[in-house]
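Below you'll find the structure, written out as structure tokens, and then a few comments.
Protein chains: 2
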Amino acid sequence: MGLAKTEMFTDEQNEIALFAKVFGHPARVAILQYLFKLKTCFCGDLVSEIGLAQPTISQHLKELKHLGLIKGNVEGTSVCYCIAVENWSSMKETMLEFLNQDITSNQNCC
Amino acid sequence: MGLAKTEMFTDEQNEIALFAKVFGHPARVAILQYLFKLKTCFCGDLVSEIGLAQPTISQHLKELKHLGLIKGNVEGTSVCYCIAVENWSSMKETMLEFLNQDITSNQNCC
DNA sequence: TTATTTAATCGTAATATTGCAATGTAATAA
DNA sequence: TTATTACATTGCAATATTACGATTAAATAA
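The following block contains the structure:
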């Protein structure tokens, strides 16, 4: 069906899955890495840096923006995209908690 | 097209995306959290704990196993699944490096 | 042997994602 | 005003994902 039954999971589980999903495409990983380096942050530069068509990049940027991980500023005819530092940090906390889980019991059965 | 053009990205970017993708569904997040708690680890228990059908859980387990994050041991007619601790750790390192990226330049343009 | 139990696999329907050409839009330039 | 530039949006084709009923397979029990 292609439809996750989100109502049967906790808010935390759904939140982790949503963040993870947006990182689940190498283009979005690349965009974020590029923005972190802050060489430049114009959409057009991302298009030439990454080898995908402009509408495709625009679509990936939209998803990142929708989750609040980046923000965009119109500057003339260009749009400057940047990491939304606050939101990135809070996302990071959520993900770290998940990744840093440790075996609570001492018996490792496998 | 639904097909990620992996050849235009670095191995690291593709690896991050692959790991993230498997965390991109709340059922797999739930399975992993459950296995970490180690209350029990039998497929059937996961089926009753999470509200999805047995073939669906089995499919999610397969994806987690395929990435090496869990391992399964046949015990009689049951199968015991556990976190693959070593692989989890190395996945964690990769993801932490990505999540812990910091703005390298001091000018935050947005 | 014949159940029974547990889980994997198959097949398929419903939905989501990815990518891009074509087009639209908003700001600036001529 | 009419380009031009940069980006967003639309529409659509190709592919992937999710979910599950039906079936199969493998181990144990009767």
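Quick mapping for you: the protein sequence lines, in order, are chains A and B. So the first sequence is numbered by the numbering used here: it starts at 27 and just counts up by one. So the second sequence is numbered by the numbering used here: it starts at 27 and just counts up by one. Think of the CB as a built atom: it goes at the ideal place given N, C-alpha and C, for glycine as much as any other residue.
Please check the pair residue i and residue j, which I expect to be a contact at CB under 8 Å, by giving their CB distance rounded to whole angstroms.
i, j, result
"Leu125/B", "Leu122/A", "7 Å"
"Pro52/A", "Asn40/B", "5 Å"
"Thr120/B", "Phe49/B", "At roughly 12 Å, the Cβ-Cβ gap does not stay under 8 Å, so Thr120/B and Phe49/B are not in contact."
"Tyr60/A", "Glu75/A", "6 Å"
"Cys136/B", "Cys106/A", "6 Å"
For residue i, does the count of other Cβ atoms within 10 angstroms reach 16, so buried, or fall short, so exposed?
i, result
"Ala79/B", "exposed"
"Val100/B", "exposed"
"His92/B", "exposed"
"Met117/B", "buried"
Taking the Cβ atom as the reference point for each residue, do residue i and residue j lie within a distance shorter than 9 Å?
i, j, result
"Arg54/A", "Leu29/A", "no"
"Ser115/B", "Phe68/B", "no"
"Ile57/B", "Ile129/A", "no"
"Leu87/B", "Gly77/B", "no"
"Lys47/B", "Lys47/A", "yes"
Can you tell me whether DSSP reads residue i as helix, strand or coil?
i, result
"Asn113/A", "helix"
"Phe68/B", "strand"
"Ile42/B", "helix"
"Asn132/B", "Note that Asn132/B scores 49 on pLDDT, short of 50, meaning its location in the model is unreliable; the coordinates nonetheless yield the value given after this. Reduced to three states, the DSSP call for Asn132/B is coil."
"Ile76/A", "coil"
"Thr120/A", "helix"
"Glu53/B", "Position check: residue 53/B holds Ala in this sequence, whereas Glu was assumed. Here Ala53/B sits in helix by DSSP."
"Phe47/B", "Looking at the sequence itself, residue 47/B is Lys, so the reference to Phe does not match. Residue state, collapsed to three classes: helix."
"Met34/B", "helix"
Looking at the strands, I want to know which residues DSSP matches up with residue i.
i, result
"Tyr60/A", "Partner(s): none; Tyr60/A has no beta bridge."
"Glu101/B", "Ser104/B"
"Ile96/B", "Ile109/B"
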